Structures are given as C-alpha cells and as structure tokens.
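What follows is a single structure, written as structure tokens, with notes after it.
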Amino acid sequence: MLGITIVIGGQYFSWNAGLAAGFYSYLVAYVLIAAEITGALPFAGGAYGLSRCTLGFFPGFFIGCCEALEYITYVATATLLLAEMIVKSAPSLHGYEPLIWLAFYVTALWIHIVGGRVFWRFNLVLGGISFVIVLLFCFGSLPFVDWEASVAHDSSALFVDDFHGFMKALPTAAWFFVGIEALSLTSDDTDTPKNVVPVAQVACMMSLMVTGIMVLCITVALPYADGIAALAAEFAPLNNGIIKFSHLSEKHATLLSIPAAYATAFGFIWCYGKLIHAMATSCLLPSALAKHSKGYGTPYMALIAGSTLSYAVCLVVYLHPMIGTYLFSICMTSAFLAYTGQCIGYISLKKNYKNIKSSHFQNPFGIYGAMFSMVVWLLGIVSIAGFQGNNGVEIEAFVFLAFGVTAFYFVYAKKRQKFSPQENKVLLVAHVIKFNATRLSGKKPVKGVNMASGRSSHASKVSSATWERSSTAKAKTNKVIALQASAMSGKSGQFSESRGGTAM
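Dropping the structure here:
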C-alpha cells in the first residue's frame, strides 16, 4: 500500500495539463511513460548506491541528489495543491496558506518520527481511502461516459501542435507514475527484500497503470462544456465525474481529492527521509543527518531537514508565485535524470555483474526494456528543456542547482565519503567485481577506492592477494571474486579518490 500512497495523488491533479496537446498525444505519452524497470539489488538508499558502482562515485552522489531534489520538490508541489484545495473548499482560509502548510508538515513529521505501527496503519488508511475514491470515480462515472460526443467529435482530441504538442505533454504523463521507484527504499524494512520489493513494485505499477488509464479515458469521455482543451486547465479533473454521479457541489467534490493530496505528500516525505539518511550514513551528507530517534529508531534528522527545505520552497513560491510554474518541471527533470541512472545501472548489472544474484523477479524485457526506458527519460528531459514555452528556464534553474551540488561534493563529500554498512552488505560485491575486471583487463585503474583505514586493512590484503592469484589463473576469476566478496562482506571503511589509482 505504500506505493499506492506515494503515487496515487498523481491521478487526482496536475496530470490533465498535458491534455492541451490533445488526448491522443497525451495517450501516446502515457504509454511511453508506463515503461518501468525494477532493481536487481535491494539497496535501501535508492539509485545512488547502484550508480556509485556502475557510473562512479561522483555520478552516484549526483544521482542521489537528483532523487532527493525530486522528492523534496514533489512534496512542496503537493503541499501547495493541498492548501489550494482546502482554500477552494473553505474560502475563508485564504491568506492562511503558510499555516496550512505548516500544519501538514508538523502532523506528517510527527507520524513519520513515531514510525512503527502508527506510521504503517496511517499509511494503510490514507492509501486505502485514496484508492477507493479513484475506483468510486471510475465506476460511478461510467454511466455518464459518451465517447462519441466527448472525444470522437472533439477536434481538440487530435494531435494538437503535432510533435511539439506531444513533447510538451510528455512530462505531465509521468505525473501518473513518479515516485514508484521509491519502493526500493523499503529494502531494510523487510526480511526478504529480493522477493518482496520487486514483486510489490510490479504489483503497484500494474495497479496504477490500470487505474491511470481508466482515469484518463473516463475523464476525457465525460461530457464537458468546453471540451477536452478546457479540461486541461481544470484544477481538480475528477470533479466533473464526481459531481455527475454524487450531485455534490464543486466545493464539496474538491474535498474528496484532499486525502490523496495529503497521502502523496506524506508518502514522499518518507522517501526523502530514507534517502537523506542513507546518503548521510555514507558520509555523502553531514553525518548529523544520519541520527536516529532514541525512542523510535526513526531517522528524525533526515526527515526534519528534508521537510525544512520543502517548506522553504513553499514559502519561496508564496512570495514569488511565478516560481511555482517551474517547480513541476524541476521536479520532473530531477526524476528523469535519476531514472536514467537506474537504467544505466540495470544494464551494467546485467552485462558486467553476472555473478551477483539478482531479485527473484526477472524483467521480461531485459536490457532492451531498460534501453527503451532510458530513451523515454532522456526524451522527457529534452521536452522540458525545449518544448515547455519557458525558454528553458527550468533547465537553467536545474543547472544552477547542479553546480551547487557539484561544489558541495568536491569541497565536502569527496574527502569524507565511505561505504555504509548497508552498502557493504549489498553493493560491495559489485565494487569488487568492477575493481577486479579493471585490473584483469590490464587497463590502468581509474580514480577509485582507497580502503586503507584500520577497519578495512584486512579487506585490502584480501583484495591484493586475490588479484595476485587471479592474474595467473584467469579461468578461476569467478571463484576468486566470490571468495574476495565473502571476505570483504561487512567491512566498512572510509575511502578517498586519489591520483595514484585504485587500491583496496
């Protein structure tokens, strides 16, 4: 249910803006975005840990920051919409939006910090209510669907502005699914992550695909006074159907979208709490962010830090409303880059790390599916950069943030980063295989890992001895790698990137 809680809000709001490009353009974009992959290694830090193995330490850090930015800006966007829904339902609260945001962050943070049964039961209720309302909308609206009148004879249902319109609509179609990848962050919350996480991810994805296509098709097929083009500007696109079968006023119909808005923001707080904590444990972020609550065992500092940044974004939008028009695109740019990194990591695992036991779920499309997904995500970045009619302001803002992240890495994180215990447990085998593959190929090792601290000296000796044996008997490489990975498992140590090459 956690995946539903995180993602379901995307079916209640914002997605309909892409209908300005025409229904069929949007439908094609939806089908493309529905391409998803699942990870082979259950690492509770998301994509950044895998990217450190496959792309390098700085790219891994950068992708982790992209994911964190995606989650933080998404929470800000959902919180802004939540407050707007409340104000539309209770106009007397206009002007009190900052207090509404604060009330949301305080209540959500309290539940996250308490954690345990309180969190999971609240999540179950939120996700369940949001999912039931979507089903209620779909089946309650079916008797009022008129495809011929609403779509077949509506010129705005065609490919408006042709390719340009399609490219403009592409990022909004991703709103249906953004956040589904965060389920990999639950890996340390289950005893058998390689079994549970991929299956849950696929089940959640399939459920959301079905409800998403139902919401899209039913919404556009309902009679609407000004046609599909006007529906693109609707604040709460489900209201039209809810009003028809329930006879509620628009104000009261909007109230039914509030649980989903709260749920999706609530779910993404969990996402950035887990991710920031994992990165801080690897010393990629200040170690203070890795602190746990003594009473509840939850990563309270990471949760508070992420929520503070997200609330600050809301305040900036409140003071400068124009920034709000770019917030969605910045969020999606971050997401598309992180997804691209996941695709590259998946391809690299399949090609170069065959000794690693992958999850019990096997992606039926394999490397070709990941390559297709990567093309879609890169196409999404191009669509944001050149087809949103803002002269690339969103990309400029993202590049500015990227420079800040890069400076932080080279000034702070590079000298302090290390393998966290979780990375050693799950990802160290991949690092070892990459290291040995480089040395056995006879190539000069690239800048990499120096595990010369006291805690890792034994692992360093094991690695050197292993390589000496491997260099004279390449036929035994797989066995050597397995022995080395076993010897190094559980060893945690700091490392730094040195000019002299790679030493373990």
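Quick note: the sequence shown uses my numbering, first residue 4, plus one each step. Just so it is clear, CB atoms sit at the ideal spot from N, CA and C, and this is done for glycine as well. Since this is a predicted model, take the numbers as computed values, not measurements.
| said: Applying the 10 Å Cβ sphere with the 16-neighbour rule, what's the burial state of Phe403? | reply: exposed
| task | Could you check what DSSP says for Asn453 in three-state terms: helix, strand or coil? | result | Residue confidence for Asn453 is low, a pLDDT of 39 falling below 50, so the modelled location carries little weight; the figure read from the coordinates is stated next. The answer is strand: DSSP assigns Asn453 an E or B state.
| Coarse secondary structure for Lys171, derived from DSSP in three states | helix
| Range of the contiguous alpha helix (DSSP H) that encloses Met374 | 369-389
| task | Please classify His323: is it buried, with 16 or more other beta-carbons within 10 angstroms of its beta-carbon, or exposed? | result | exposed
| Length of the line joining the Cα atoms of Met374 and Pro262 | 36 Å
| task | Quick one: residues in its chain with C-beta nearer than 8 Å to the C-beta of Ser17, no 5 flanking neighbours on either side, listed in chain order? | result | Thr80, Leu84, Thr175, Trp178, Phe331
| query | Assuming Thr267 and Gly244 make a contact with CB atoms under 8 Å, what is their CB distance in whole Å? | reply | Contact flag wrong, Cβ pair sits at about 20 Å.
| said: For Val117, report the span of its alpha helix (DSSP H) as first-last. | reply: 100-117
| With 16 other CB atoms within 10 Å as the buried threshold, where does Lys297 fall? | exposed
| field | When Ile307, Gly270, Phe166 are compared against Leu186, the one with the closest alpha-carbon | value | Gly270
| Buried or exposed (CB count within 10 angstroms, at least 16 for buried), Pro240 | buried
| query | Where does Thr257 land, buried or exposed, given buried means 16+ other C-beta within 10 angstroms? | reply | buried
| Grouping DSSP H, G and I as helix and E and B as strand, with all else coil, what is Tyr15? | coil
| field | Cα-Cα separation between Met454 and Met304, rounded to whole angstroms | value | Annotation note: pLDDT 40 at Met454 (below 50); position unreliable, coordinate value reported separately. C-alpha separation (whole angstroms): 28 Å.
| message | I'd like to know whether the C-beta atoms of Ser153 and Tyr265 end up nearer to each other than 8 Å. | response | no
| query | How close, in whole Å, do the beta carbons of Ala20 and Ala235 come, if the pair is a contact with beta carbons under 8 Å? | reply | 6 Å
| By the 10 Å Cβ neighbour count, where 16 or more other Cβ atoms means buried, how is Glu151 classified, buried or exposed? | exposed
| request: Figure out for me which residue from Ala232, Ile183, Ser252, Met212 has the closest Cα to the Cα of Leu22. | output: Ala232
| Alpha carbon to alpha carbon, what distance is there between Asn394 and Met209? | 36 Å
| Around the Cβ of Lys277, are there at least 16 other Cβ atoms within 10 angstroms (buried) or fewer (exposed)? | buried
| query | From which residue to which residue does the alpha helix (DSSP H) around Cys317 run? | reply | 303-322
| Residue interval of the alpha helix (DSSP H) (run including Pro285) | Before going on, a small fix: residue 285 reads as Ser here, not Pro. Unbroken run through Ser285: none, as it is neither H nor E.
| Candidates Lys247, Phe60, Ala341, Val199: closest to Phe413 by CA position | Phe60
| CA nearest to the CA of Gly182, picked from Gly168, Cys207, Lys171 | Cys207
| field | Same chain only: Cβ atoms within 6 Å of Leu350, ignoring 5 sequence neighbours per side | value | The sequence given here has Ile at residue 350, not Leu. Counting only Cβ-Cβ distances below 6 Å, and skipping sequence neighbours, we find Ile370, Ala373.
| task | Compare the C-alpha of Leu145 against each of His295, Ile103, Ser249 and name the closest. | result | Ser249
| message | Measuring straight from C-alpha to C-alpha, what distance separates Gly63 and Ala50? | response | 8 Å
| task | Have a look at Gly348, Ala308, Trp380, Ile333 and flag the residue whose alpha-carbon is nearest the alpha-carbon of Leu173. | result | Trp380
| message | By alpha-carbon positions, which one of Ile11, Cys56, Gly6 ends up nearest to Gln345? | response | Cys56
| said: Between the alpha carbons of Tyr275 and Ala71, how many angstroms are there, rounded? | reply: 6 Å
| request: Identify whether Pro226 lies in helix, strand or coil by the three-state DSSP scheme. | output: coil
| task | Please look up how many angstroms separate the CB atoms of Val117 and Leu225, rounded, as I've assumed it's under 8 Å. | result | About 41 Å separates the two Cβ atoms, so there is no contact after all.
| Roughly how many angstroms lie between the CA atoms of His115 and Ala293, to the nearest whole one? | 15 Å
| Is it the case that the Cβ atoms of Ala111 and Ile272 are separated by a distance below 8 Å? | yes
| message | If I measure Cβ to Cβ from Gly383 and keep anything under 6 Å in the same chain, skipping five residues before and after, which residues do I get? | response | Leu173, Pro174, Phe339
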